[in-house]
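What follows is one structure encoded as structure tokens, with my remarks underneath.
There are 2 protein chains.
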Amino acid sequence: MSRADAARNRSLLIEAASAELSEHGLDVSISRIAARAGVAKGTVFNHFSSKEELVSTIFCEQLGALAVIGETLLEHTDPRSALLRFMTAGAELQVNDRSFCEAVTATSRADPAVRAASDRLARVAEELTARARQVGVVRADVTGHDIVLLLSAPTWIAAPLAAARSDLWRRYLHLILDGLRPEAAHELPVGAPTNEDFVTAATR
Amino acid sequence: MSRADAARNRSLLIEAASAELSEHGLDVSISRIAARAGVAKGTVFNHFSSKEELVSTIFCEQLGALAVIGETLLEHTDPRSALLRFMTAGAELQVNDRSFCEAVTATSRADPAVRAASDRLARVAEELTARARQVGVVRADVTGHDIVLLLSAPTWIAAPLAAARSDLWRRYLHLILDGLRPEAAHELPVGAPTNEDFVTAATR
DNA sequence: ACGTAAGTTGACCGAATGGTCATTTTGGAG
DNA sequence: CTCCAAAATGACCATTCGGTCAACTTACGT
Numbered sequence: 001m002s003r004a005d006a007a008r009n010r011s012l013l014i015e016a017a018s019a020e021l022s023e024h025g026l027d028v029s030i031s032r033i034a035a036r037a038g039v040a041k042g043t044v045f046n047h048f049s050s051k052e053e054l055v056s057t058i059f060c061e062q063l064g065a066l067a068v069i070g071e072t073l074l075e076h077t078d079p080r081s082a083l084l085r086f087m088t089a090g091a092e093l094q095v096n097d098r099s100f101c102e103a104v105t106a107t108s109r110a111d112p113a114v115r116a117a118s119d120r121l122a123r124v125a126e127e128l129t130a131r132a133r134q135v136g137v138v139r140a141d142v143t144g145h146d147i148v149l150l151l152s153a154p155t156w157i158a159a160p161l162a163a164a165r166s167d168l169w170r171r172y173l174h175l176i177l178d179g180l181r182p183e184a185a186h187e188l189p190v191g192a193p194t195n196e197d198f199v200t201a202a203t204r
Numbered sequence: 001m002s003r004a005d006a007a008r009n010r011s012l013l014i015e016a017a018s019a020e021l022s023e024h025g026l027d028v029s030i031s032r033i034a035a036r037a038g039v040a041k042g043t044v045f046n047h048f049s050s051k052e053e054l055v056s057t058i059f060c061e062q063l064g065a066l067a068v069i070g071e072t073l074l075e076h077t078d079p080r081s082a083l084l085r086f087m088t089a090g091a092e093l094q095v096n097d098r099s100f101c102e103a104v105t106a107t108s109r110a111d112p113a114v115r116a117a118s119d120r121l122a123r124v125a126e127e128l129t130a131r132a133r134q135v136g137v138v139r140a141d142v143t144g145h146d147i148v149l150l151l152s153a154p155t156w157i158a159a160p161l162a163a164a165r166s167d168l169w170r171r172y173l174h175l176i177l178d179g180l181r182p183e184a185a186h187e188l189p190v191g192a193p194t195n196e197d198f199v200t201a202a203t204r
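Below you can see the structure in the form of structure tokens.
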């Protein structure tokens with residue numbers, strides 16, 4: 001059906017795209033990616049109908065990787081430390097990967113594959129959060145959707161100073177975590193996001 | 001010295017640039033801005049030597065506007081409500097203004113004028129924070145620099161769902177504020193950013 | 001070993017961008 | 001009213017981008 005060299009080129013392309021996106025963000029040109037993979041530009045469009053489709057493929061990989069980490073952490077005994085590790089992993093992925101930030105915020109959530117990866121991540125986040133909530137280390141009014149949205153916050157907050165203080169994001173991760181504790185909980189002015197919200201935001 | 005029409009065109013350009021940047025972010029073309037101001041593209045470069053200089057000018061205006069709000073709030077009697085209003089104002093500016101997000105994160109902090117506006121904002125944030133700290137409504141280890149960095153967080157966190165839930169940012173603003181309370185405070189793994197950090201991050 | 005379908009290639013396209021500059025227009029001083 | 005410097009203009013330039021396609025190369029079944 002498919003030739004051996006075609007399959008090889010495809011994975012070379014995904015590898016190259018992942019690396020280039022990670023280093024330079026969404027703005028990398030197709031030419032750069034092709035060059036890094038050692039193929040011609042035309043070959044890229046032979047495997048992916050558009051840049052958007054290539055990027056979506058990478059996004060799925062990245063979201064999937066974090067979901068796997070989350071699922072592993074479900075085995076973890078201490079719910080608080082599991083949630084901490086999950087959010088730390090999410091932040092770390094973004095520190096090392098410029099495009100991951102944009103993956104989480106993904107405009108392309110219209111793409112069904114990205115949606116699926118996103119949903120999987122949301123499910124594991126919800127479960128991790130539920131456990132932490134049950135044990136009383138996370139306030140009652142915080143949901144898994146909140147956690148997903150909060151994943152990119154530490155990196156983003158510390159981004160302006162990343163060049164001078166590469167580990168500053170940890171400060172804001174812990175600051176946010178303190179806000180999730182029941183001790184400081186005060187009524188929030190707006191309800192948690194719902195699945196419906198994600199759907200209408202994606203289609204609109 | 002300067003002709004009347006030149007001055008008029010300049011302010012028309014600033015107005016137009018502000019509006020276009022606000023609606024479409026940093027990616028607006030110079031042509032669009034010129035068209036909106038009702039002048040030719042060349043005129044833009046007659047007043048600003050580059051796109052970057054024009055954008056910096058707008059950034060200064062925006063940062064200045066928030067600084068003024070903060071300075072006004074210093075008259076406010078209740079330090080906690082003053083800080084809340086300051087951060088709310090910061091978030092609101094960003095909701096209505098796509099470029100303001102990028103102004104706070106400004107790469108162009110190398111520009112001395114932007115630096116000055118940034119510093120002014122930092123000073124007022126520090127003062128607002130100090131007052132809140134003194135009254136005991138904000139934890140001891142949080143500084144004005146933290147607050148400045150946190151300004152863009154609520155909008156950013158809620159951005160993926162902004163189309164479906166335009167007021168969701170308020171939820172995360174209050175979640176972050178709860179993290180700033182002394183009740184939930186746990187030791188942070190990394191120290192607060194310093195003035196030095198901002199300098200080295202800007203020049204590097 | 002051969003034929004062919006599958007895959008690769010890179011020149012090429014149109015659109016868009018930031019920026020330039022010779023030319024034309026015009027404000028406003030004398 | 002005259003006149004010229006200041007300012008506005010828009011055609012033009014170089015570059016970059018995502019994407020296309022006819023011509024070429026190659027893997028692989030027979």
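Just so you know, the protein sequences line up as chains A and B, in that order.
First residue of the first sequence? That's 1 in UniProt numbering, and the numbers climb one at a time after it.
First residue of the second sequence? That's 1 in UniProt numbering, and the numbers climb one at a time after it.
Glycine included, C-beta positions come from ideal geometry on N, C-alpha and C.
Check                                                                                                                  : Outcome
Partners in chain B for E183(A), counting only beta-carbon separations shorter than 7 Å                                : E183, A184
Backbone CA spacing between A16(A) and P189(A) [nearest angstrom]                                                      : 45 Å
Contact under 8 Å by Cβ, L151(A) with M87(A)                                                                           : yes
Alpha helix (DSSP H) runs contained entirely in the segment 123-198 of chain B, provided each spans 4 or more residues : 144-150, 153-158, 169-180
N-terminal and C-terminal residue of the alpha helix (DSSP H) that T72(B) is part of                                   : 51-73
Status (buried if at least 16 other CB within 10 Å, exposed otherwise) for V199(B)                                     : exposed
Three-state class that DSSP yields for D111(A) in the structure shown                                                  : coil
Three-state secondary structure assigned by DSSP to A40(B)                                                             : coil
Contact set between V190(A) and chain B, taken where Cβ atoms lie within less than 7 Å                                 : D167, L168, R170, R171
Rounded separation between E75(B) and T57(A) - CA only                                                                 : 53 Å
Contact belief for A153(A) with A153(B) at Cβ below 8 Å, rounded distance in angstroms                                 : 6 Å
Helix, strand or coil at V95(B) [DSSP, three-state]                                                                    : helix
For R8(B), the first and last residue of its enclosing alpha helix (DSSP H)                                            : 4-24
Candidates S22(B), L149(B), V137(B), of which the one nearest P160(A) by Cα                                            : L149(B)
Which listed residue (T155(B), A130(B), A122(B)) has its alpha carbon closest to that of D197(B)                       : A122(B)
Cβ of residue 212(A) within 8 Å of any chain B Cβ                                                                      : Absent from the structure is residue 212(A), since the part of chain A shown begins at 1 and ends at 204.
Partner residues on chain A for I157(B), Cβ-Cβ distance less than 7 Å                                                  : L149, L150, A153
9 Å Cβ cut-off: residues of chain B touching residue 218(A)                                                            : Residue 218(A) lies beyond the range of chain A shown here (1 to 204); nothing can be said about it.
Cα-Cα separation between H186(B) and R171(A), rounded to whole angstroms                                               : 11 Å
Three or more C-beta pairs below 8 Å linking the segment 125-141 of chain A and the segment 109-121 of chain B         : no
Collapsed DSSP secondary structure at D78(B) in the structure displayed                                                : coil
Residue from V135(B), V68(B), A192(B) whose Cα sits closest to the Cα of D146(B)                                       : A192(B)
Pick from F45(B), T43(B), E52(B), A40(B) that is closest to L21(B), judged by C-alpha positions                        : E52(B)
Coil, strand or helix - S31(A) by DSSP                                                                                 : helix
Neighbour-count burial assignment, G90(A), 16 or more Cβ in a 10 Å radius                                              : buried
Selected residue, minimal CA-CA separation from G144(A), among L13(A), G64(A), T194(A)                                 : T194(A)
Buried or exposed (CB count within 10 angstroms, at least 16 for buried), D97(A)                                       : buried
Distance, P79(A) Cα to A130(A) Cα                                                                                      : 9 Å
Pairwise C-alpha distance: A40(A) and N9(B)                                                                            : 48 Å
Any chain B beta carbon closer than 8 Å to T143(A)                                                                     : no
Simplified DSSP state of F48(A), which is helix, strand or coil                                                        : coil
Option nearest Q94(B) by Cα separation, candidates D5(B), I30(B), S166(B)                                              : S166(B)
Chain B contact for P79(A) (CB, 8 Å cutoff)                                                                            : no
Proximity test, Cβ basis, 8 Å: L93(A) and chain B                                                                      : no
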